[in-house]
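Everything on this sheet refers to the single structure shown next.
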Amino acid sequence: MVKKTLAQYLPGQYAQIVSVAEHAMGAKLIEMGFYPGKRVQVLFRAPFRGPFAIDAGGAVLSLREDEASLIETIDC
Amino acid sequence: MCTKIALVGSPNTAKTSLFNLLTGMNQQVGNFPGVTVEKHWGKFNLPDGRVAELLDLPGAYSLNAYSEEEKIVSEILHNKQHADFPELVVVTVDVTNLERNLVILTQISDLDIPVIGVLTMNDMLIGKSVSPQELTNAFNQIPFLKINGRTGEGKQALIDFISACNIQPVEKFISFPLKENLNIAEARRDAESRKTSIVNRLKEVPSFVGVTRHSFTTKVDKLLVHPILGYAFFGIVLFLIFQFMFSISAIPMDWIDSVFLNFSQYLQTKMPEGIFTDLITQGIVPGVGGVLIFVPQIAILFFFLGVLEETGYMTRVVFIMDRLVRPFGLNGRSIVPLVSSAACAIPAILSTRVIGNPKERLITILVSPLISCSARIPVFVLLIYLVIPNTYMYGFIGLQGTVLFAMYALGVIGALVVAMVMNKFIRSKEKSFLLLELPEYRWPRWKNILLHLKEKVQAFVFDAGKIILAISIVLWAFAAFPKINEEQVAQGKTQIEESYLGQAGKTIAPVFAPLGYDWKMTVSLLTSFAAREVFVGTMATLYSAGENFEEDESLLTRMREDINLQTGKPAYSLASGLSLMVFYVFAMQCMATFAAVKRETKSWKWPLIQMGYMGFMAYTLALLTFHIFS
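For the record, the sequence lines run as chains U and V. Under our numbering, residue 76 is the last one in the first sequence; the count climbs by one each step, no gaps. Under our numbering, residue 1630 is the last one in the second sequence; the count climbs by one each step, no gaps.
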C-alpha cells in the first residue's frame, strides 16, 4: 500500500489512518477521531484550496491542508 | 455532600441547554480572571432543601488543552485547591458523538473526581436509542442517564442523583497519570491509549450505533459550501444583518434619542437654573442616553449571531472563509463582526468572543473601527456637500456618491492592510488551527439565544456604560466651563469657543494646520470623541446655524463663506475637506468604542494602542491627502 497523507484525497474518497505525525497538534487530532485504524471519508472541500470536511464517524470535522497533511493514511 | 457541581462538555453537546434547564433564571455571568472567557454559574434547589451551586465550565473536548477555554477547564480540574474545584462533575455527552465526547469524561474520572455522564441529543437517533446502563457497564460503572433539554425529561433523575450523592470509586481508564501540562509525546500517548480504550469499550455496548449524517444536512451543505452559491448565500445573510442593524435599529434608536432629549428638556424647565441642573440635563441624562442608544444594534447583532451559531451555519461560514481571510491574520468568524462594523463598531467588538484564537480575536477588535460606521455618514455628507461639486462623470456617475464610496473603500482597505501588518507583529502563544466540527443543521433554541442576548446587553450597559458615562460627563464639563460672560456674547463669541475645550482646540490648532484645518475644525475633532456625528452639532454651534443642514442651508452657506485666517483662502477647499474626511475615516474618535475595547481586551493597553495607531494613520494620511489636492 502506498502511504499518503489525508491532504491528498479528493471528495468522496475513503482513507484509513495509519499514524499521526509527532506534532503539537498530534494528540488533538487523535482525540478528535483521527486515530490509527480509523476509516474516514473526505466529504467536500472549501473553495480556493480551503479546508477539508471529513466524516470521522459521528461527526464531520474540518481540517486545514497543513493539519490534514499531518495524518498518514492508506487507501481503503 | 454534592452541592458544588461543575458542568463540563464538548462543544455542540447541548451543555448550555442543560445549564439553563437546571438553573432557570437563577444564573450569573462574569469572567474567569485574566482571560476573556465568560464564566456562568447558577443555583438550583435539591429536594431536601439544600441549594446546589452549578458552574458551567467552557466547552472543552479534552483536558489536554489547546484553546483558552480548555485551559481553564484543565486548570480548575487539575488543582484540588482551586476555588472552583467541584465535588461532582456532570459531563454532557452527545449520543451521536460518543467516541469524541467520552474523552474528557474518562480524563476527569481518571483524576478521581466523581463524574456522571448525561446523554443528550437522544432525539437525533431516530427510532434508536443508546442504553445508559450498557454505557455504565462498559465504562467502569460510571453512572449515565438521559436528558431531553427541550422537554426536561430526565431532569428529575439527575437532581435525585445529585441529591443522593452516592459516589463509588471508579477504576482508572489509563494507568499512567494525567497532569496539567503534558508534553507533546505524553499527550499523544494519553490520547492514543485513551481513544483505543474508548473505542474498545464502545464495542461492548450493544445499543451503540454508528451514526450517519442526515441527508438533509448533506443536501444543504452542497449548496452552502458551493464555490458560487455558498458565497452568494453568505453575502445575502450579511446583507440582511447589515440592513437590520442599519435601518431597522434606527427606529428604536430615534425613540431612545428623543426620549432622553425630551426628558432632559423637561428637567431643564422644572429644575432651578444652575451648574447642578446643567450637570444633570447636559451631562448625565445625555450620557445615559448615549449608552442606551447602542442597545438596539447590539441586540440585533447578537440575535443574528445566535441564530447563525445555533443552526450550525456559522461553522460553514468559517469553513468557506478560512482560506480567504487567513493571509490577513483573521478568522472566518471575524467576517460577521467586520461587516457589522459598517453599522457600528460597538456591537461588532462585543461579538468577537466567538473567535477562539486570542490573536485573531485581538486583530479583529483592533481593525473593526476602521470600517466606516453609520456615525461617520453625517460628517461625510456635510463635507461632501461643502467641497465636492454635484456633477457627473461620463454623464452618469455622480461625483459626490463616488467620493462617499471612496471613503468606505478606504476604510475597508485600511482595515485589511492593518490586519496584515498586525499579523506580523503580534506574537501569539497559541497556534492557529481550524479543527472544528460541522454539526448537523438544527432549528435554533430561542431561549438560549435570548438569554445570551440579554447577558450581552447587560454587560455592555453596566460595564462599558460606566466608562462612556464618565467620559461624557468630563467632555460636558470641559465644554461648559468656564462660562462665557455677557461681554463675550456681545462680541459674537460662543460658549464652546470660550470653554476649556475650545481653548484647547485653539492651542493645538497649529498641530493640525498642516492638514489644512482651522481652529474650528480642531475643536470639532476634540468634541467628536463623544461620537463622530457630534462634528455636525459642534459646527452648527460654532457657526451659530441650524444643525439640519439638508433642510436649512445656513450652516452650509456660513461654512462655505468662512475664510481660513492663516491662508486667506476659503476654510473648506477640496483639499481641506477631503483631508478632514480621510481623518474621520481613520481616527478613533469614539469613546464608546474605546470603552468596548477596554472591556473586551481587559486592559487599557490595547484601546490606547488602537487610539494611537489610528490617530497616527489619520494624521499622516490626512496630511498626504491635503498635499495631493492643494
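For each residue, glycine too, the CB sits at the ideal point set by N, CA and C.
On a CA-only basis, which of the options is nearest residue i? Give me that one, please.
i          : options                                        : result
Gly1049(V) : Ala1138(V), Ser1109(V), Ser1163(V), Arg1316(V) : Ser1163(V)
Leu1515(V) : Val1474(V), Ser1630(V), Ser1428(V), Phe1462(V) : Ser1630(V)
Val1209(V) : Val1582(V), Ala1509(V), Leu1125(V), Ile1563(V) : Leu1125(V)
Ile1377(V) : Thr1352(V), Gly1411(V), Glu1360(V)             : Gly1411(V)
Gly37(U)   : Val18(U), Gln8(U), Arg64(U)                    : Val18(U)
Ala1415(V) : Ile1397(V), Leu1362(V), Pro1439(V)             : Leu1362(V)
Cys1373(V) : Val1489(V), Gln1589(V), Leu1158(V)             : Gln1589(V)
Phe1433(V) : Gly1332(V), Leu1453(V), Ala1419(V), Ser1524(V) : Gly1332(V)
Ser1368(V) : Val1585(V), Leu1224(V), Tyr1392(V)             : Val1585(V)
Asp1552(V) : Lys1429(V), Tyr1385(V), Pro1439(V)             : Tyr1385(V)
Phe1583(V) : Leu1565(V), Phe1549(V), Thr1557(V), Arg1532(V) : Arg1532(V)
Asn1390(V) : Leu1574(V), Gly1009(V), Pro1033(V), Val1461(V) : Leu1574(V)
Ser1426(V) : Thr1364(V), Glu1486(V), His1452(V), Arg1442(V) : Checking the sequence, you will find Ile at residue 1426(V) rather than Ser. With distances taken between Cα atoms, Ile1426(V) lies closest to Thr1364(V).
Gly1356(V) : Leu1435(V), Ala1052(V), Val1307(V), Val1597(V) : Leu1435(V)
Gly1030(V) : Phe1144(V), His1452(V), Met1001(V), Pro1439(V) : His1452(V)
Ser1010(V) : Gly12(U), Phe52(U), Glu31(U), Tyr14(U)         : Glu31(U)
Phe1176(V) : Pro1296(V), Asp1190(V), Ile1116(V)             : Asp1190(V)
Leu1021(V) : Leu1370(V), Lys1155(V), Leu1007(V)             : Lys1155(V)
Glu65(U)   : Val42(U), Val2(U), Gly33(U), Gln16(U)          : Val42(U)
Phe1481(V) : Met1539(V), His1078(V), Leu1279(V), Gln1268(V) : Leu1279(V)
So that I know if they touch, is there some Cβ in chain V lying closer than 8 Å to that of residue i?
i        : result
Asp55(U) : yes
Glu22(U) : yes
Ala7(U)  : no
Tyr14(U) : no
Lys28(U) : yes
Leu10(U) : no
Ser62(U) : yes
Arg39(U) : no
Glu31(U) : yes
Glu67(U) : yes
Contact check, residue i vs residue j under 8 Å by CB: the rounded distance?
i          : j          : result
Gly1505(V) : Leu1526(V) : 5 Å
Phe1260(V) : Gly1283(V) : So it is not a contact: roughly 12 Å between Cβ atoms.
Ala1587(V) : Gly1568(V) : So it is not a contact: roughly 28 Å between Cβ atoms.
Thr1120(V) : Ile1147(V) : 6 Å
Ile1241(V) : Phe1304(V) : 5 Å
Phe1512(V) : Met1591(V) : Contact flag wrong, Cβ pair sits at about 20 Å.
Ser62(U)   : Leu1438(V) : 6 Å
Val1523(V) : Gly1502(V) : 5 Å
Would a check of beta-carbon distances place residue i closer than 8 Å to chain U?
i          : result
Ile1320(V) : yes
Lys1195(V) : yes
Ala1187(V) : yes
Pro1369(V) : no
Asn1097(V) : yes
Ser1579(V) : no
Ile1251(V) : no
Ala1232(V) : no
Phe1433(V) : yes
Ile1355(V) : no
Gly1210(V) : yes
Ser1062(V) : yes
Asp1056(V) : no
Pro1227(V) : yes
Val1336(V) : no
Give me the DSSP bridge partner(s) of residue i.
i          : result
Ile1256(V) : None, per the DSSP bridge assignment.
Pro1570(V) : Ile1563(V)
Ala1006(V) : Leu1055(V), Val1089(V)
Glu1437(V) : Leu61(U)
Gln1168(V) : Gln1168(V) pairs with nothing; no bridge assigned.
Ala53(U)   : Phe44(U), Ser62(U)
Asn1331(V) : Partner(s): none; Asn1331(V) has no beta bridge.
Tyr1385(V) : Tyr1385(V) is not bridged to any residue.
Ile1113(V) : DSSP output for Ile1113(V) lists no bridge partner at all.
Tyr1392(V) : Gly1398(V)
Please list, in chain order, the chain C residues whose beta carbon lies closer than 7 Å to that of residue i.
i          : result
Asp1084(V) : No chain C is part of this structure, whose protein chains are labelled U and V.
So does residue i have its beta carbon nearer than 7 Å to some heavy atom of the ligand NAD?
i          : result
Glu1553(V) : Of ligands this structure carries none, so the ligand NAD is not represented either.
Contact between the stretch 53-62 of chain U and the stretch 1015-1032 of chain V is defined here as three or more beta-carbon pairs at a separation below 8 Å; is this criterion met? No, the stretch 53-62 of chain U does not touch the stretch 1015-1032 of chain V.
Would the stretch 1230-1238 of chain V count as touching the stretch 1312-1322 of chain V if we require 3 or more Cβ pairs under 8 Å? Below 8 Å, enough C-beta pairs join the stretch 1230-1238 of chain V and the stretch 1312-1322 of chain V to call them touching: three or more.
Are at least three pairs of beta-carbons, each pair with one atom in the stretch 1064-1079 of chain V and one in the stretch 24-31 of chain U, less than 8 Å apart? The stretch 1064-1079 of chain V is in contact with the stretch 24-31 of chain U.
Decide if the stretch 1325-1340 of chain V is in contact with the stretch 1352-1361 of chain V; the criterion is three or more beta carbon pairs, one per stretch, under 8 Å apart. Contact between the stretch 1325-1340 of chain V and the stretch 1352-1361 of chain V is present, because at least three Cβ pairs lie under 8 Å.
Within the chosen definition, does the stretch 1597-1606 of chain V reach the stretch 1031-1039 of chain V through at least 3 CB pairs nearer than 8 Å? A contact between stretches requires three or more CB pairs, one per stretch, nearer than 8 Å, and the stretch 1597-1606 of chain V meets this requirement with the stretch 1031-1039 of chain V.
Is it the case that the stretch 1123-1140 of chain V contacts the stretch 1199-1206 of chain V, given that we only count it when at least three CB pairs across the two stretches are under 8 Å? Result yes; three or more Cβ-Cβ pairs closer than 8 Å.
Could you tell me whether the stretch 1243-1257 of chain V touches the stretch 1336-1348 of chain V, where touching means 3 or more Cβ pairs closer than 8 Å? Segments in contact, yes.
Under 8 Å, with one C-beta from each stretch per pair, do the stretch 1286-1300 of chain V and the stretch 1461-1472 of chain V reach the 3-pair mark? Short answer: they touch.
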